[in-house]
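Structure record follows, encoded as structure tokens.
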Amino acid sequence: MVDLKTRRAPLSVEVGEEPEGIALSPDGETLWVSARGSNKAFALDPMSLAIRNEIDTGRFPLRIAVRPQGDFAVTSDLADGGLSVIDTAIGEVVRNIAVSSPEEAQTRFQVTILWSPDGERIYAAETRSDTIAEVDFASGEVLRRLPGEGGGDGLAIIE
């Protein structure tokens, strides 16, 4: 946490091994962190940084994103090539979505994930194959792979 007025970090907390992904719930009540070295996601109080929940995910959960409705969070599990779907109300993984096979995971290298504004689609940047997987959230089906370029892992939707 950083105080923008003082430019200092008054609070910090250790969260798993190799934390990398971070996302704030739409209501601002939960800070989500994915820790790739411990294969876990953490739900924290955003003001105190107290850990509310620790959730086992797939292997190497690099990034985490919360659905715009706030009901689900997903981690991009780089080593598995999938997404762990966390029900935010109960704090458990309720399903896994295969974006690629574990064998394909290292050739695709799934990194950043982004929800569509309506929460119906998930986009996963696959940096080694220069593609973006478009996933239907309801069915878990990969609808298509959009071409990318240059190994980019940042994503944004412009409407």
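Quick note, my numbering runs 6 ahead of the 1-based positions in the sequence shown. Using N, Cα and C, we set each Cβ at its ideal position, and we do this for glycine too. Note that this is a predicted model, so its numbers are computed, not measured.
(request) May I have the straight-line CA-CA distance separating Gly160 from Phe66, to the nearest angstrom? (result) If you draw a straight line from the Cα of Gly160 to the Cα of Phe66, it comes to about 18 Å.
(request) Throw me the rounded Cβ distance for the Ala104 and Gly87 pair, which I believe falls under 8 Å. (result) Contact holds; Cβ gap of about 7 Å.
(request) Could you name each continuous beta strand (DSSP E) segment of 3 residues or more that falls completely within the stretch 89–135, going from the start of the chain to the end? (result) Fully enclosed beta strand (DSSP E) runs of 3 or longer: 98–104, 116–121 and 127–132.
(request) Would you mind reading off the limits of the beta strand (DSSP E) that contains Ile138? (result) It spans Thr137 to Asp142 - the beta strand (DSSP E) in which Ile138 sits, taken as one unbroken run.
(request) Give the secondary structure of Pro16 by DSSP, where H, G and I count as helix, E and B as strand, and everything else as coil. (result) Note: Pro16 maps to coil in three-state DSSP.
(request) Under the assumption that Ile119 contacts Arg58 (Cβ atoms under 8 Å), give the Cβ distance between them as a whole number of angstroms. (result) In fact, because the Cβ distance is near 22 Å, the residues do not count as touching under 8 Å.
(request) Could you check the C-alpha separation between Ala139 and Leu50 for me, to the nearest Å? (result) When rounded, the distance between both Cα atoms is 29 Å.
(message) Assuming Val99 and Asp62 are in contact, meaning their beta carbons sit under 8 Å apart, how far apart are those beta carbons, in whole angstroms?
(response) Right, their Cβ atoms sit about 7 Å apart.
(request) Please name the residue, chosen from Val72, Thr81, Ile96 and Thr36, that lies closest to Asn102 on a Cα-to-Cα basis. (result) Minimum Cα distance to Asn102 is reached at Thr81.
(request) Taking 9 Å as the cut-off, decide whether the C-beta atoms of Ala71 and Thr94 are in contact. (result) No, they are not a contact pair.
(message) Suppose you measure from the CA of Glu173 to the CA of Asn45; what does that come to, to the nearest Å?
(response) The requested residue 173 does not occur in the structure, where the chain is confined to residues 7 to 165.
(request) Take the Cβ of Arg14 as the centre, count every other Cβ of all protein chains shown within 10 Å, and call the residue buried at 16 or more, exposed below. (result) Exposed, by the Cβ-count rule.
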